[in-house]
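The next block holds one structure in the form of C-alpha cells; read it before the comments.
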Amino acid sequence: MAYAIAGSPVLDSYARYQYAQGIENNNLMASTENYFLNEDAMQEGSPQGILETGEDAALPPLLIIQGTADMNVPMSMPHAFVESYRATGGSVELDEYPDMPHNFILRVGKETDHALRVAKAFVAQQLTASTVATPAG
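Following the numbering used here, the numbering of the sequence shown begins with 67 at its first residue and continues without gaps.
Here's what the structure looks like:
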C-alpha cells in the first residue's frame with residue numbers, strides 16, 4: 067500500500083470499547099461486541115496495540131481526517147495514534163475539524179469540501195513522491 071487516508075477511524079478498538087462502557091453508550095458497545103465478538107479480539111485488532119507491541123506492520127504515509135466533536139472516537143485516540151505512528155517511523159498527518167461529529171465527511175458541507183481538498187492534495191503529494199522515488203528508465 068503506497069499511502070492511506072482514514073476518516074474518523076477507530077484506531078484503538080479496545081480503548082474505544084472501554085470508552086463506550088465509561089459513557090454508557092450501549093449502541094457503541096454492542097456494535098463493537100458484534101464486530102469483534104470478544105475483548106481479546108478487540109485488543110488483537112487494534113492498530114494502536116499493534117504499534118505499541120512493536121509488531122511488524124507496514125507504515126504507509128497516512129492522512130487522518132477527524133472531527134473534534136466525534137462521540138465515537140475521542141480526540142485522545144487519534145492523538146495517541148499519531149504519536150505512536152511517528153515513533154515507529156511512520157509519516158502521518160492529522161487533519162482536525164473543530165466541532166465536527168463522527169463521519170462528518172459523509173455529509174454535505176464546507177468542512178467536507180475542505181477535507182476532500184486536503185485528501186486530494188495528500189494523494190497528489192504521495193503520487194509525486196512515488197514518481198520521484200521511482201524514476202522511469
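Backbone N, C-alpha and C define an ideal beta-carbon position, used for all residues, glycine too.
message: Distance check for V189 and V76, CA to CA, integer angstroms please.
response: For this step, residue 76 is matched to residue 10 along the sequence shown. For this step, residue 189 is matched to residue 123 along the sequence shown. Near 21 Å, if we compare the C-alpha coordinates of V189 and V76.
task: Could you check which residue in M108, S74 and H180 has the C-alpha nearest to that of D136?
output: Residue 136 sits at position 70 when you count from the first residue of the sequence shown. Measuring from the Cα of D136, the nearest candidate turns out to be S74.
- request: From the DSSP output, in three-state form, read off V189 for me.
  value: Start at 1 with the first residue of the sequence shown, and residue 189 comes out as number 123. Helix, per DSSP.
query: Fully enclosed by the stretch 88-150, which alpha helix (DSSP H) runs are 4 residues long or longer?
result: 92-102, 105-110 and 113-119
message: I'd like to check one pair, M166 with E159: are the Cβ atoms closer than 8 Å?
response: Stepping through the sequence shown from its first residue, residue 159 is reached at position 93. Stepping through the sequence shown from its first residue, residue 166 is reached at position 100. Going by C-beta atoms, E159 is not nearer than 8 Å to M166.
Whether Q132 touches P140 by CB criterion (8 Å): Numbered from its first residue, the sequence shown carries residue 132 at position 66. Numbered from its first residue, the sequence shown carries residue 140 at position 74. Cβ atoms of Q132 and P140: not closer than 8 Å.
- prompt: For S79, which option in M67, Q114, Y69 and A70 has the closest C-alpha, if you only look at C-alpha atoms?
  reply: Counting from 1 along the sequence shown, the entry for residue 79 is found at position 13. Among M67, Q114, Y69 and A70, the Cα nearest to that of S79 is on Q114.
- request: Taking 8 Å as the cut-off, decide whether the C-beta atoms of P127 and S150 are in contact.
  value: Taking the sequence shown and counting its residues from 1, the one referred to as residue 127 is at position 61. Taking the sequence shown and counting its residues from 1, the one referred to as residue 150 is at position 84. Not a contact, by the Cβ cut-off of 8 Å.
field: Closest Cα partner of R82 within the set I71, F102 and A72
entry: Locating residue 82 in the sequence shown gives position 16, counting from the first residue. Considering only alpha carbons, the answer is F102.
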